Amino acid sequence: MATTVTKHERNLSAIIHASTFSKYFIPFGNFILPLILWTANKNQHDFVDYNGKQALNFQISMLLYAIIAGLLTIPFFIGVFPDLFDWHFFGFRKLSDLNTLNIHFDSDDFRFGRLFWPLGISGIFQVALTVLNIVFTILATIRTNEGQYFKYPFTIKFIK
């Protein structure tokens, strides 16, 4: 891509990428601000059009991956639901046991243990997605400010 990129295009593209961090202050800001900036300038500048598509596609892909990670834990919760309706699950053998104040915790009676693996794996995946999102957004902001074309990894092209 041998065309020269102006300082205005580079700054605008960097702002589009950096505006995805607005999700920490504005709900869905990672979609709203880049979409507004991209649609306002996509017809005037090809570099801005390319970077706007990249930023939005990456944010949509990260949202999709986070939803899939959350949905993968649902079967584990469904497997626990029948135990939730058993009063023995919470340690209530009889209502008179509530009056004794002899409270102790035994690891053998702890049945929430099988929830920790799917929640832990999903949590680790969510943290990894957040780190990837932050790192690649910073890289995209820096590279586009230098005038380079940046392509995000792990991105599904929703907007072409």
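The sequence shown runs 2 to 161 under the working numbering.
Quick reminder that beta carbons are idealized off the backbone N, C-alpha and C, glycines included.
In this text the structure is predicted, and so the values were computed from the model without any measurement.
| query | result |
| --- | --- |
| Between the Cα of Q149 and those of F155, L140, I157, spot the shortest distance and give me the residue it belongs to. | L140 |
| Is S97 helix, strand or coil by DSSP? | Low local confidence applies: a pLDDT of 49 at S97 is under 50, so the model's placement there is unreliable, and no value is given. |
| Using 8 Å as the threshold, is the C-beta distance between S14 and T145 below it? | yes |
| Taking 8 Å as the cut-off, does the stretch 131 to 140 touch the stretch 34 to 42 (at least 3 CB pairs, one atom from each stretch)? | no |
| Under a three-way DSSP split, which group does F151 fall into? | coil |
| Just to confirm my understanding: we take F151, look at its own chain, exclude 5 residues before and 5 after, and list those with CB closer than 6 Å. What are they? | A141, R144, T145 |
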